[in-house]
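Below is one structure; the comments refer to it alone.
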Ligand code: ANZ
Ligand code: ZN
């Protein structure tokens with residue numbers, strides 16, 4: 001055995017050994033339980049980053065652990081290969097996106113291989129290959145025929161200078177990222193997936209996902225956004241019908257989740273696209289201008305929530321069906337055309353957006369919901385004021401109509417100050433009541449059970465649900481409304497006007513319309529030797545691509561030149577891995593049956609919504625096509641935390657910050673190991689230390705994992721990643737952490753080396769341990785307790801840092817134990833063999849090598865160590881001795897010592913003798929296994 005640990009030599013050797021034995025290449029094997037472990041596949045951006053290394057190491061640890069536990073483990077890998085960065089790189093470097101992508105895949109694959117991941121490379125897929133996307137196109141055509149995929153107009157960002165459609169992230173402050181031109185909105189035909197048909201199932205099935213983080217499920221629930229509400233129709237006032245047709249001339253329909261507040265509606269607002277807005281604007285240029293302004297604004301929903309509320313009155317009126325109030329209709333920028341009916345009944349007293357709007361335009365505010373707890377506190381305040389004759393104007397303070405949201409506390413304070421009440425004894429009561437109000441204030445904006453209606457005629461006093469039902473009944477009786485459940489989730493528009501994506505398999509024929517490409521003509525192959533120029537999609541300029549004949553009538557027709565959203569490919573790749581070369585369909589029936597769903601999925605929280613939702617949706621679509629027989633794709637989900645790193649910068653002449661890479665910085669530390677100052681290595685001058693943040697290009701704080709692997713080897717990189725933090729927490733990069741990990745591996749190596757030098761390997765201890773010395777029994781106790789803990793850490797807890805710490809402790813005890821002699825060496829052999837098996841999932845190369853030195857065989861055939869229960873039974877235990885309840889000493893006794901033996905041993909201790917001061921024991925309390933308390 002080599003004296004020194006040399007990762008550069010042992011790592012490729014171990015990898016070769018695994019490859020030659022093909023141990024990670026799996027097939028369906030009915031004799032073993034299956035375990036499908038999947039990490040989110042990477043986008044081939046050029047090289048691996050730390051996030052990848054962490055993600056894939058976690059997956060690898062679980063895969064290897066399950067493997068040693070007898071599972072038939074599949075861990076595949078592939079490439080999410082379509083996407084915009086390839087097109088951007090293409091324009092920058094004048095290479096075809098395909099060539100760029102394939103080069104990146106080649107390089108990143110060597111990186112992944114150098115990390116020694118237990119991947120079945122024979123299952124590798126790249127989503128940009130026709131043999132992959134062919135089946136995506138096939139499913140698309142099936143769903144098109146079924147009506148689940150349909151065509152309608154959608155709004156896109158149009159760059160008038162580059163003559164191209166931009167993705168949302170390419171629009172910066174309303175301008176095109178390359179041209180700088182003001183972006184326009186355009187309506188173009190697009191293809192949509194009817195994901196809303198599955199909204200209810202996607203929502204309900206979240207409850208089945210027991211092993212998903214609660215946080216992710218909540219995010220999905222909110223995204224689906226089921227709400228129970230009411231459709232309400234306001235009759236259009238006779239004087240307001242000009243230019244309106246059909247139903248629009250009769251009534252204005254809104255969707256509300258708060259019909260209980262209908263009596264509090266003080267105006268109605270419609271989206272700029274609403275027919276009533278159009279009709280009202282016909283002869284009013286100022287309305288036309290406002291509508292145009294709204295239409296040019298952002299499409300992103302997030303912006304809607306934060307942008308300044310703006311609106312214009314239309315001069316048209318509608319009638320509240322509940323009380324006959326005449327309300328003016330406004331056009332408002334915060335009403336979305338794509339949601340509900342594109343119109344809202346505005347209740348400023350109980351809706352924040354309406355309130356902001358009403359304040360801005362001086363519209364009335366009518367308060368119709370109160371809360372028992374708040375009312376109680378108000379009554380208390382009134383009582384205090386009356387009793388003490390305080391000059392408070394309670395009405396003024398609680399004039400909700402002036403301020404339904406906040407600041408009432410300020411008003412009380414204002415009055416308290418005005419009245420000069422600084423030291424009065426009842427002040428604390430006043431503040432107590434105010435605090436109650438403050439804490440419960442928000443309840444009036446929610447459906448709280450202590451809420452009840454006010455200012456609402458016959459509905460006064462009702463709680464939310466009763467009011468909902470009663471108002472619903474009254475509306476239904478006059479045909480002016482009915483209950484309705486709706487979802488925030490929209491249908492999924494998948495058309496992209498880009499080149500580097502999966503072609504949409506549709507042919508447009510003047511005679512036959514949109515015709516899906518027949519299965520035997522698939523795939524529609526994307527030409528690969530194309531360099532886009534940023535001026536629209538190259539496919540639309542390639543007659544050799546779009547000129548075709550209609551599959552229906554044989555006449556001349558035009559191929560669709562849009563490609564699919566790249567979320568499409570990642571929505572089913574986990575099924576493709578089950579039979580990656582299957583030429584007759586998306587997935588073979590046998591493979592789908594055997595592998596079922598993914599047992600463990602690992603990836604970043606940034607995919608908590610869209611990717612996971614689309615993957616769940618596709619699983620249901622494929623199930624309904626009879627392709628797979630599971631309802632959900634991912635049994636268990638682990639969302640790993642971010643890799644973060646210190647950031648450094650220097651201010652530049654323009655007052656901006658030049659971010660400096662951590663690798664170029666030299667730090668000085670205080671005695672607690674905290675960095676106190678930093679200088680740039682190149683010039684020795686100071687730089688500013690600016691806090692830890694997610695590794696990113698923008699802060700230039702990424703550390704290249706390749707440098708780490710080159711310097712220390714894959715095992716150090718893996719160990720550092722797994723030891724520095726639990727998987728779901730953020731991991732802070734630190735040079736000293738890396739060095740610590742490396743030191744531990746060197747020590748592990750040396751320990752085995754020293755042991756073997758003393759006389760070679762022996763047979764590991766097994767069997768009855770009665771004849772062992774106490775020290776060796778203690779060591780075996782530690783060993784088997786460690787096996788139990790580490791198994792639980794890998795399996796149930798999925799916390800690998802504590803597993804590593806447990807093995808480190810075991811090795812510490814091993815170091816302190818005299819393992820000379822025949823028995824000693826047998827126990828030492830047992831400890832070392834076990835330690836390398838326990839660490840194999842995390843640092844497989846060094847463990848594989850040490851195992852072959854210790855045992856000669858293949859570690860992966862050794863299986864997972866089992867706990868020897870006998871070793872866990874301690875022969876001797878430590879018991880505390882107390883005198884009058886105070887700890888005065890400890891005794892070591894046989895684990896099965898009798899009560900009398902314990903008492904005798906306790907009385908004989910030095911501490912007991914001293915603190916009993918010669919007095920006799922009145923009573924001796926024995927808690928078996930724990931303590932003896934002598935009462936004098
Ligand atoms: C009156 C009201 C009073 C409302 C109140 C809320 C609170 P969710 O739960 O997300 O479905 N709304 C309806 N259609 C809209 C549209 N096209 N654009 C903008 N807002 C719209 O939200 C439903 C609520 O959002 C509805 O309930 C409506 O305002 C508003 F105290 O009606 B509500
Ligand atoms: Zn045709």
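In the UniProt record's numbering, the protein residues as written are 1 to 936. Note that CB positions come from ideal geometry on N, CA and C, so glycine has one too.
* C-beta contact flag for residue 79 and residue 24 at 8 angstroms -> no
* Does the Cβ-Cβ distance between residue 680 and residue 665 come in under 8 angstroms? -> yes
* Would residue 925 be called buried (16 or more neighbouring beta carbons within 10 Å of its own) or exposed? -> exposed
* Sheet register partners of residue 253 (DSSP bridge) -> 233
* Run the CB neighbour count on residue 159, radius 10 Å, all protein chains shown included, and call it buried at 16 or more, exposed below. => buried
* Asked: Does the stretch 636-653 come close enough to the stretch 53-67 to have 3 or more Cβ pairs within less than 8 angstroms?
  -> yes
* Asked: DSSP beta-bridge partners for residue 80?
  -> None, per the DSSP bridge assignment.
* Buried/exposed call for residue 401, threshold 16 Cβ in 10 Å -> In this predicted model, residue 401 has a pLDDT of only 47, less than 50, meaning its place in the structure is not dependable; the value taken from the coordinates is given anyway. Its Cβ having fewer than 16 others within 10 Å, residue 401 is exposed.
* **residue 499 versus residue 627: straight-line alpha-carbon distance, rounded** => 30 angstroms
* Residue range of the beta strand (DSSP E) that includes residue 887 -> 886-894
* Asked: Hey, out of 350, 481 and 309, whose CA is closest to residue 330's CA?
  -> 309
* Asked: Does any heavy atom of the ligand ZN sit closer than 7 angstroms to the C-beta of residue 511?
  -> yes
* Who are residue 659's beta bridge partners in DSSP? -> 649
* residue 571 burial status per 10 Å Cβ neighbour count (16 or more: buried) -> buried
* **residue 495 (DSSP reduced to helix, strand or coil)** => strand
* residue 153 - DSSP class collapsed to helix/strand/coil -> strand
* Asked: Should residue 855 and residue 766 be called a contact, given that it needs their Cβ atoms to be closer than 8 angstroms?
  -> no
* Return helix, strand or coil for residue 627, following the three-state DSSP convention. => coil
* To do: Could you pull the start and end residues of the alpha helix (DSSP H) that residue 924 belongs to?
  => Not the alpha helix (DSSP H): residue 924 falls in the beta strand (DSSP E), residues 923-927.
* To the nearest angstrom, report how far apart residue 104 and residue 43 are at their CA atoms. => 9 angstroms
* Can you name the residues that DSSP bridges to residue 765? -> Answer is none; residue 765 lacks a bridge partner.
* Through-space distance from residue 481 to residue 161, alpha-carbon basis -> 47 angstroms
* Asked: Using 8 angstroms as the threshold, is the stretch 166-180 in touch with the stretch 210-224, meaning 3 or more CB pairs across them?
  -> no
* **For residue 257 and residue 145, the rounded distance between their alpha carbons** => 36 angstroms
* To do: Check the C-beta distance from residue 528 over to residue 98 and give it rounded, since I have them as a contact under 8 angstroms.
  => 4 angstroms
* To do: Going by CA-CA distance only, name the one from 321, 220, 287 and 152 that's closest to residue 235.
  => 321
* Asked: Leaving out five residues before and five after residue 872 in sequence, what residues of the same chain have Cβ atoms less than 6 angstroms from its Cβ?
  -> 784
* Would you kindly check if the distance between the Cβ of residue 515 and the Cβ of residue 543 is under 8 angstroms? => no
* Asked: Residues in its own chain within less than 7 angstroms of residue 90 by CB, not counting five upstream and five downstream?
  -> 96, 97, 100, 531 and 532
* Asked: Out of curiosity, what's the CA-to-CA distance linking residue 405 and residue 449?
  -> Bear in mind that the predicted position of residue 405 carries a pLDDT of just 47, short of 50, making it too unreliable to give a figure here.
* Reference residue 693; option with closest CA among 718, 726, 668 and 732 -> 732
* Around the C-beta of residue 254, are 16 or more other C-beta atoms found within 10 angstroms, so that it is buried, or is it exposed? -> buried
* With a threshold of 16 other CB atoms inside 10 Å of the CB of residue 718, please say whether the residue is buried or exposed. => buried
* Bounding residues of the beta strand (DSSP E) (the contiguous stretch that carries residue 48) -> Residue 48 -> no beta strand (DSSP E), and no H or E assigned at all.
* Curious, which full-length beta strand (DSSP E) runs of at least 3 residues does the UniProt domain "Aminoacyl-tRNA synthetase class Ia" (489-646) contain? -> 506-509, 513-516, 547-549, 556-559, 598-604 and 634-640
* In this structure, does DSSP put residue 403 in helix, strand or coil? -> Any reading at residue 403 needs caution, since the residue's pLDDT is 49, under 50, leaving its predicted position unreliable; the model's value is listed next. Coil at residue 403, not helix or strand.
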